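Structure, as structure tokens:
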Amino acid sequence: MSFLDSLDTLVHEGAVVWGFLAAVVITLCLAPATAWLAPRIGAVDDPGHSDRPRVHERPLPRIGGLAIVAGILVPALIWIGFDGPYRGILLGTALVSLLGLVDDVRGLRPSVKAVGVLLIALIPVVGYDVTFESVSLPFLGNIDFGGFEAPLTIFWIVFLANLVNLIDGMDALAAGIVSIAAGSFAILAASFGRIDAAALAAIVCGATLGFLRYNWNPARIIMGDCGALALGFVLACVAVQGVLKTAASIALIAPLLVLAVPILDTSFVVLKRLKYRRPPWGADQNHFYHRFMRIGFSQRRTAAYLHVWAAMLAAWALLVRFVPPRPLGEWNLRNSLIVAAGALVVFLASVWMVYTLEILKARHLRVLGLGRFATREEEEEAAVERVLTAGRR
Numbered sequence: 019m020s021f022l023d024s025l026d027t028l029v030h031e032g033a034v035v036w037g038f039l040a041a042v043v044i045t046l047c048l049a050p051a052t053a054w055l056a057p058r059i060g061a062v063d064d065p066g067h068s069d070r071p072r073v074h075e076r077p078l079p080r081i082g083g084l085a086i087v088a089g090i091l092v093p094a095l096i097w098i099g100f101d102g103p104y105r106g107i108l109l110g111t112a113l114v115s116l117l118g119l120v121d122d123v124r125g126l127r128p129s130v131k132a133v134g135v136l137l138i139a140l141i142p143v144v145g146y147d148v149t150f151e152s153v154s155l156p157f158l159g160n161i162d163f164g165g166f167e168a169p170l171t172i173f174w175i176v177f178l179a180n181l182v183n184l185i186d187g188m189d190a191l192a193a194g195i196v197s198i199a200a201g202s203f204a205i206l207a208a209s210f211g212r213i214d215a216a217a218l219a220a221i222v223c224g225a226t227l228g229f230l231r232y233n234w235n236p237a238r239i240i241m242g243d244c245g246a247l248a249l250g251f252v253l254a255c256v257a258v259q260g261v262l263k264t265a266a267s268i269a270l271i272a273p274l275l276v277l278a279v280p281i282l283d284t285s286f287v288v289l290k291r292l293k294y295r296r297p298p299w300g301a302d303q304n305h306f307y308h309r310f311m312r313i314g315f316s317q318r319r320t321a322a323y324l325h326v327w328a329a330m331l332a333a334w335a336l337l338v339r340f341v342p343p344r345p346l347g348e349w350n351l352r353n354s355l356i357v358a359a360g361a362l363v364v365f366l367a368s369v370w371m372v373y374t375l376e377i378l379k380a381r382h383l384r385v386l387g388l389g390r391f392a393t394r395e396e397e398e399e400a401a402v403e404r405v406l407t408a409g410r411r
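For the sequence shown, my numbering assigns the number 19 to the initial residue and increments by one for each residue that follows.
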């Protein structure tokens, strides 16, 4: 199915259109109610009394995710239904949001949350067969996961749930990136003829776009763990049902490209924490958005740059899907050149981001054998790290 055909399918499919619109309206209507409820149940994020570094300077209600989850579940129950694999997905989304709500109100250890998400992931994976069984790779053909399909899918769901949770540290960032990813998955799922998955992706996109009305800087409410964990959970399941279950080679590449920015961000932060012998699940100020703000970017500008970066990677994933270099298994020169040109644009933009964020340093080039110049960067970075993480070990 072509790109235009996929869009036409989305536009003329009632579950997609009405589900998307309902998600926007429900989230817009319920978000103020969660802001009213938050201080009454102790769910206010106060940067002055937090164990994690915050970029906002005033207390904010942190259970806006309840509005997002309602904006997902209600339209999904109406236009997709509560049967088959979607029963497991929607039930799991509700439960993981409840787990996040407990953390937002009372606080949970990261290990407890991780185990909780893992156990909830068993519901769609083991109970309703929400798994990806194989992938098709260029030159390697079809790779069957065999008995590893369930563990790999559970890992994917837990990983993505925590991924969204980790990037939810700045106004509009997580909601914007999830909306971009969900919109991309809706188009991809429609192109594979998976209409229910496309509808759920569109609903997630609508709910996050509706929430941005209150979450754009200066935010009036934040989603909290009840929203971030649920969004990562449902997005992972949508990726499985709508993309990863297909036999096309793009099935594995597309989700990784669509989610490349949060994956790169989390990978960088975790490696940084391990380097300084800190728990990988700890808190610090080394996320991409922290680094942008340290060099003088505002929250709005930072969010806009990261959203554009994510959108460019998602657009390239769609380009590879709809202009495949090897249609029907045969190389096509025109398509290959178009995809290569797109890759060059994305690569240059990514290099600019890496350079601006000062992630690639002289010593990294030295390790690669591209330079042997001693610098003071390691000492300077270590000094900054001591300041940023003081009292947070």
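Note that CB positions come from ideal geometry on N, CA and C, so glycine has one too. Remember, it's a predicted structure, so these values are computed and weren't measured experimentally.
Query                                                                                                                                                                                      : Result
Any idea which residues DSSP pairs D63 with across the strands?                                                                                                                            : L78
Please go through the same chain and pick out, in chain order, the residues whose beta-carbon is closer than 7 Å to the beta-carbon of W36, but skip the five residues on each side of it. : W97
With 16 as the cutoff for other CB atoms within 10 Å, does C244 come out buried or exposed?                                                                                                : buried
Among L91, P79, A208, C255, whose alpha-carbon lies nearest the alpha-carbon of N233?                                                                                                      : P79
Please state if the CB of G89 and the CB of F229 are separated by a distance shorter than 9 Å.                                                                                             : yes
Give the DSSP-derived three-state secondary structure of I412 in the structure shown.                                                                                                      : For residue 412 there is no data in the structure shown, the boundaries of the chain being 19 and 411.
What did DSSP end up calling S152 once you bin it into helix, strand or coil?                                                                                                              : strand
Terminal residues of the continuous alpha helix (DSSP H) containing A246?                                                                                                                  : 242 to 257
Taking all protein chains shown into account, decide if F166 is buried (16 or more other Cβ within 10 angstroms of its Cβ) or exposed.                                                     : exposed
Going by the CB atoms, is the gap between H305 and V287 shorter than 9 Å?                                                                                                                  : yes
Figure out for me which residue from V182, L25, M371, E75 has the closest Cα to the Cα of T284.                                                                                            : V182
Is N353 helix, strand or coil when you go by DSSP?                                                                                                                                         : helix
Between the Cα of L116 and the Cα atoms of V143, A328, G83, which residue gives the shortest distance?                                                                                     : G83
Starting from Y307 and walking both ways along the alpha helix (DSSP H), at which residues does that stretch end?                                                                          : 306 to 312
Grab me the residues of S209's own chain with a C-beta within less than 6 Å of its C-beta, minus the 5 sequence neighbours each way, in chain order.                                       : M19, S24
DSSP three-state call for G201: helix, strand or coil?                                                                                                                                     : helix
Quick one: grab the DSSP three-state call for Q317.                                                                                                                                        : helix
Just the Cα atoms here: how many angstroms apart are V123 and V338?                                                                                                                        : 43 Å
Compare the beta carbon distance of I281 and L375 with 9 Å and say whether it is the shorter of the two.                                                                                   : no
Please name the residue in A190, V196, C223, V258 whose C-alpha comes closest to that of R238.                                                                                             : A190
Can the beta-carbon of A85 be found less than 9 Å from the beta-carbon of T45?                                                                                                             : yes
Can the beta-carbon of Y146 be found less than 9 Å from the beta-carbon of G106?                                                                                                           : yes
Taking only the alpha-carbon atoms, compute the straight-line gap between F21 and F340 and give it to the nearest angstrom.                                                                : 6 Å
Which same chain residues end up closer than 6 Å to A61 when comparing Cβ atoms and leaving out the 5 residues on each side of it in sequence?                                             : R80, I81, D122, V123
To the nearest angstrom, how far is the alpha carbon of L388 from that of A246?                                                                                                            : Low confidence applies here, because L388 scores a pLDDT of 46, under 50, leaving its location unreliable; read the following figure in that light. Between L388 and A246, the C-alpha separation is close to 40 Å.
Should K131 be labelled buried (16 or more other beta-carbon atoms within 10 Å of its own) or exposed?                                                                                     : buried
Between the alpha carbons of Q303 and L184, how many angstroms are there, rounded?                                                                                                         : 11 Å
Quick one: is C223 buried, meaning 16 or more other Cβ sit within 10 Å of its Cβ, or exposed?                                                                                              : buried
Express the C-alpha separation of T171 and F163 in angstroms, rounding to a whole number.                                                                                                  : 10 Å
Runs of 4 residues minimum, wholly inside the region 70 to 130: which ones carry the alpha helix (DSSP H) assignment?                                                                      : 83 to 97, 103 to 123
Ignore the nearest five residues each way along the sequence and tell me which others in A40's own chain have a CB closer than 6 Å to its CB.                                              : P93
Leaving out five residues before and five after A200 in sequence, what residues of the same chain have Cβ atoms less than 6 Å from its Cβ?                                                 : A219, V222, C223
So V261 packs on L206, CB below 8 Å; how close in whole Å?                                                                                                                                 : 5 Å
Taking the alpha-carbon positions, what's the A333 to S202 distance?                                                                                                                       : 8 Å
Determine whether the beta carbon atoms of V276 and L331 lie at a separation below 9 Å.                                                                                                    : yes
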